[in-house]
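According to the numbering used here, the sequence shown holds residues -15 to 271 in order.
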Amino acid sequence: MAGALGGTFSPHCARVHPAKLVAGIAAAVERRGVRILERTRAQRIEPGVVTTDRGRVRAPRILRCLEGYTASIRGQRRTWLPMNSAMIVTEPLPDSVWDDIGWSGAELLGDNANAYCYAQRTADGRIALGGRGIPYRFGSRTDVDGQTQDWTVESLTTILHGMFPAVRPARIDHAWCGVLGVPRDWCASVSFDPSTGLGWAGGYVGSGLTTTHLAGRTLADLALGRDTDLTSLPWVNRSVRRWEPEPFRWLGVKAMYGLYREADRRENKGLAGPSRLARIGNVLTGR
Ligand SMILES: Cc1cc2nc3c(=O)[nH]c(=O)nc-3n(C[C@H](O)[C@H](O)[C@H](O)COP(=O)(O)OP(=O)(O)OC[C@H]3O[C@@H](n4cnc5c(N)ncnc54)[C@H](O)[C@@H]3O)c2cc1C
-15 MAGALGGTFS PHCARVHPAK LVAGIAAAVE RRGVRILERT RAQRIEPGVV TTDRGRVRAP
45 RILRCLEGYT ASIRGQRRTW LPMNSAMIVT EPLPDSVWDD IGWSGAELLG DNANAYCYAQ
105 RTADGRIALG GRGIPYRFGS RTDVDGQTQD WTVESLTTIL HGMFPAVRPA RIDHAWCGVL
165 GVPRDWCASV SFDPSTGLGW AGGYVGSGLT TTHLAGRTLA DLALGRDTDL TSLPWVNRSV
225 RRWEPEPFRW LGVKAMYGLY READRRENKG LAGPSRLARI GNVLTGR
């Protein structure tokens, strides 16, 4: 990596192909007899009934697991803030570029900046790099089918080229985005209320690929009334306050990322320690 002064290594990481993961989970649950209803948007959730754009579904227990899209349910707009996250992926890179970069172990990579980015060498020899782009849309709005703004693609491409100058001539094949669920205290939770039959899990703030597994198992135990090691974990039935009404949450997140980017700029210029601006950003948004 160009300009890197040092690094840390952890073996506790794995790369996962997201589309294969989704297709694999869907196939696994269908094998167990679960019916998946696609193209059906839940609009309202009440004890015993979910109102969708295609009719009502009745069930004694209803689990809300919509993560960053939770804001689309009536009454949940301020529960978890939908934070945008975007990725770009290059075309498959020629051997000459890989000879220049190295990275033969395909380790997962993060820059640990305040407004951080992360990257991987994919199984088919591309670089996939992700980061924040425009962090939040006013009024808890979410992306439309993963369409990514040009500004975001350009800023991620600039980061990619800064890290790996040898990649400059390569095409960016694809860009996509989605939202993460961010609770007011930035910590995930799993909850179930036996008196209403309503439960939920989420607020993973971008680390949901493994956490969802634990949350799913925990939620299953709670919904089935089992008392297990999982149901006594501290994130179970935790109450978290809601985000502020607009324009305050938009101003808060915008200010936080402004401070993060300025802190990164100062740290890149050779500041001896972490910039105080990032800490102010954290205090501002309760991170
Ligand atoms: C670009 C990007 C990169 C990421 N990178 C990483 C990473 O490297 N590592 C990591 O651990 N995590 C990463 N994440 C986060 C990770 O994807 C999430 O934490 C994880 O997918 C959460 O799983 P989930 O099942 O709770 O929610 P989701 O995967 O968000 O699933 C929610 C589902 O609900 C559906 N839905 C939405 N609204 C409605 C509605 N009204 N009615 C019915 N269905 C609805 C959606 O279509 C979706 O299928 C990334 C996220 C993004 C967007």
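Built from N, CA and C at the ideal position, the CB exists for glycine as well.
- Taking the Cβ of L50 as the reference point, at least one heavy atom of ligand 1 falls within a distance shorter than 7 angstroms.
- Ligand 1 approaches G162 closely enough that one of its heavy atoms is under 7 angstroms from the residue's Cβ.
- Take A185, set aside five residues on each side of it, and the residues of its chain with a beta-carbon closer than 6 angstroms to its own are C49, V174, A199, L203, in chain order.
- At least 8 angstroms separates the beta-carbon of V73 from that of D129.
- When distances are taken from the beta-carbon of S69 to the heavy atoms of ligand 1, the shortest one is below 7 angstroms.
- For the pair G114 and M71, the CB atoms are nearer than the 8 angstroms cut-off.
- Our two residues, R45 and G181, have alpha carbons roughly 4 angstroms apart in a direct line.
- Of the other Cβ atoms in all chains shown, fewer than 16 fall within 10 Å of the Cβ of F(-7); this residue is therefore exposed.
- In this structure, the C-beta of S(-6) stays at least 7 angstroms away from each heavy atom of ligand 1.
- With at least 16 other beta carbons inside 10 angstroms of its own, L164 counts as buried.
- The Cβ-Cβ distance between W135 and I118 falls below 8 angstroms.
- Taking A207 as the centre and dropping the five residues before and after it, the same chain places the C-beta of R45, L47, F176, G183 closer than 7 angstroms to its C-beta, in chain order.
- Across the structure, V220 and L214 are spaced so that their CA atoms are roughly 8 angstroms apart.
- Residues of the same chain with a CB within less than 7 angstroms of the CB of S124, apart from the 5 flanking positions on each side, are A55, R61, L65, P66 in chain order.
- Positions of the alpha helix (DSSP H) runs, each at least 4 residues long and wholly inside the stretch 180 to 240, are given as 192 to 207 in order along the chain.
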